[in-house]
Amino acid sequence: MQIRLAVEADLQEIIEIYNAAIPSRLATADLEPISVNSRRDWFRSHGDRYPVWVVTNSDRKIIGWLSLQMFYGRPAYHKTAEVSIYIAPEYQGKGIGKKLLNHAIAMCPKLNISKLVGFVFAHNAASCRLFTSLGFESWGFLPQIAELDGIEQSLSILGKHIDNVSE
Numbered sequence: 001m002q003i004r005l006a007v008e009a010d011l012q013e014i015i016e017i018y019n020a021a022i023p024s025r026l027a028t029a030d031l032e033p034i035s036v037n038s039r040r041d042w043f044r045s046h047g048d049r050y051p052v053w054v055v056t057n058s059d060r061k062i063i064g065w066l067s068l069q070m071f072y073g074r075p076a077y078h079k080t081a082e083v084s085i086y087i088a089p090e091y092q093g094k095g096i097g098k099k100l101l102n103h104a105i106a107m108c109p110k111l112n113i114s115k116l117v118g119f120v121f122a123h124n125a126a127s128c129r130l131f132t133s134l135g136f137e138s139w140g141f142l143p144q145i146a147e148l149d150g151i152e153q154s155l156s157i158l159g160k161h162i163d164n165v166s167e
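The numbers in UniProt numbering rise by one with no breaks, and the one at position 146 of the sequence shown is 146.
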């Protein structure tokens, strides 16, 4: 298993993993599959400061990915990043998400990021456990903010302060 920076050629596999998460109604508020073309600008908006990492198996197939992005789009939040993580269904529950999230946490000081924020559906117990197992704490809760298949769902905001970031 290897973690590396994503390149645009990876976008097809990244989107396949993302689209595989939509039917479960656990990890995204998208209700229909998205296209590679619809995410090119999203991918290109990431770079040195807010990277996308992929994890590959021994056959070099992408089995998961994690992205950092600017939080809330305002300059005062420049040391805070929102984290998103998606694992291919057949690889979930095997510690891959934990490896990716640990990698992102370890890279934050080099990226001058001192806070990570994750938005997780409250009914997504596995993701909530993943984040809290790595020291993320509850920073907020938005009750019944999303409607998925006619069911209102709540959103947990989980955050973590990162040590060793230069001021």
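Heads up, the beta-carbon is just placed ideally off N, CA and C, and yes, glycines get one too. Since this is a predicted model, take the numbers as computed values, not measurements.
- Inside the UniProt domain "N-acetyltransferase" (1-158), DSSP marks whole beta strand (DSSP E) runs of 3 or more residues at positions 2-5, 52-56, 62-70, 80-87, 115-121 and 137-148, from first to last along the chain.
- Excluding residues up to 5 positions away in sequence, V120 lie with their Cβ nearer than 6 Å to the Cβ of S127 in the same chain.
- In this structure, W65 sits near I17, with a CB-CB distance shorter than 8 Å.
- By the criterion of at least three beta-carbon pairs nearer than 8 Å, the segment 144-160 is in contact with the segment 23-32.
- Of all alpha-carbon atoms in S58, L130, Y77 and I151, the one lying nearest the alpha-carbon of L100 is that of L130.
- If you compare the alpha carbons of I63, D59 and S67 with that of D48, the shortest gap goes to S67.
- Measuring C-alpha to C-alpha distances from N57 to each of I157, Q2 and S133 identifies Q2 as the nearest.
- Ranked by Cα distance from L158, the options N164, G150, A125 and E152 are led by A125.
- By the CB criterion at 8 Å, P89 and A20 fall inside the cutoff.
- In this model, L111 and R74 are separated by some 17 Å (Cα to Cα).
- In this structure, the beta-carbon distance from I62 to E13 falls below 8 Å.
- Residue nearest to A81 within the set D10, K98, I87 and H46 is H46 (criterion: CA-CA distance).
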